[in-house]
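Peer 1: Each residue of the sequence shown is one higher than the one before, counting from 22 in the working numbering. Below is the structure I would like to discuss, written out as structure tokens.
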Amino acid sequence: MQKSLFDEPSNEYNSLDELINEMMQMDNDPLANAGTNVVICRGNPQAKLMIVGEAPGPQENIQGKPFVGRSGQLLDQILQAVNFDTEQDVFISNSVFRMPPGEGGKNFRKPTNDEIEYYKPYLYEIIRLIDPKIMLLTGNVATQSLLGLTGITKLRGQWHEWNGRRMMPIFHPAYLLRNPSRKPGSPKSLMWQDIQEVRRVYDTLVSG
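Rendered as structure tokens:
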């Protein structure tokens, strides 16, 4: 029977590879019967900037990596705009590790509260093993998972201290794709402010 992180003490995995191998074999998680793949991470495990997404979408489910569809391409552009190398400077993971099946003709749906709670211990363990200094939470699901808060329009751009780390909620790139205006006060304009602030704090904490 698969181990459950709910019943195990923290620090049970010695490496990210060990944890990933365990997660890839999950068969009793809430979305195990959805017919979708386990999607865990991409980027550099040594990075000090970690980005937490929501759940895989169709492209992520196919490719087995988070943020590789249109939202991921936009996320990479945002990071590159302030000179983050998306291969070296960033590690990207999710709050929920399978794509929730669609409803009402849609390809996929938002994760439920129970799904978010189930996968949370795995996310905690990933964070412990990666040990980032700065974390960006993209959208409400990631913010709910780690901060227990929702309401991204009010929360975005605010720093939180979390287990010795600096953590900021930001708009999910999918939201920016739905709101393409660059006018002052628009989501894209606010995201530009936020990512510049992230760069500033990164340079202080990491680049030194």
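Just so you know, even glycine gets a beta-carbon here, dropped at the ideal spot from N, CA and C. None of the values given here were measured: they were computed from a predicted structure.
Tell me which same chain residues have a C-beta within less than 6 Å of the C-beta of residue 57, skipping the five on either side of it?
Peer 2: Translated into positions along the sequence shown, residue 57 becomes position 36. Around residue 57: 82, 119 and 120.
Peer 1: Among 43, 174 and 38, which has the Cα closest to the Cα of residue 211?
Peer 2: For the purposes of this step, residue 211 is taken as residue 190 along the sequence shown, with counting starting at 1. Comparing Cα positions, the closest option is 174.
Peer 1: Return the CA-CA distance between residue 227 and residue 69, expressed in angstroms with no decimal places.
Peer 2: Residue mapping note: residue 227 aligns to position 206 of the sequence shown, counting from 1. Residue mapping note: residue 69 aligns to position 48 of the sequence shown, counting from 1. Whole-angstrom Cα-Cα distance: 7 Å.
Peer 1: Hey, out of 146, 156 and 169, whose CA is closest to residue 110's CA?
Peer 2: Taking the first residue of the sequence shown as 1, we reach residue 110 at position 89. Between residue 110 and the set 146, 156 and 169, the nearest pair of CA atoms involves 156.
Peer 1: Based on the DSSP output, what are the partners of residue 183 in its beta bridges?
Peer 2: Here residue 183 is taken as the residue at index 162 of the sequence shown, counted from 1. Paired residues: 186.
Peer 1: Alpha carbon to alpha carbon, how far is residue 85 from residue 179? Give it in angstroms, no decimals.
Peer 2: By one-based count along the sequence shown, residue 179 stands at place 158. By one-based count along the sequence shown, residue 85 stands at place 64. Taking the straight line joining both Cα atoms gives about 31 Å.
Peer 1: By DSSP, does residue 242 sit in helix, in strand, or in coil?
Peer 2: As shown, the chain starts at 22 and ends at 229. That puts residue 242 outside it, with no answer to give.
Peer 1: Who are the near neighbours of residue 27 in its chain, counting only those whose CB is closer than 7 Å to its CB and skipping five residues on each side?
Peer 2: By one-based count along the sequence shown, residue 27 stands at place 6. Because residue 27 sits at a pLDDT of 40, beneath the cut-off of 50, its placement in the model cannot be relied upon, and the following sentence gives the value as read from the coordinates. Closer than 7 Å at the Cβ level, and outside the excluded window around residue 27, lie 142.
Peer 1: Can you tell me whether residue 216 is helix, strand or coil according to DSSP?
Peer 2: Translated into positions along the sequence shown, residue 216 becomes position 195. Helix.
Peer 1: Relative to the C-alpha of residue 33, which candidate in 145, 49, 72 and 46 has its C-alpha closest?
Peer 2: Residue numbering aside, residue 33 sits at position 12 when the sequence shown is read from its first letter. Per the Cα distances, 145.
Peer 1: With 16 other CB atoms within 10 Å as the buried threshold, where does residue 102 fall?
Peer 2: On the sequence shown, residue 102 is found 81 positions in, with the first residue counted as 1. Within a 10 Å sphere around the beta-carbon of residue 102 sit fewer than 16 other beta-carbons, which makes this residue exposed.
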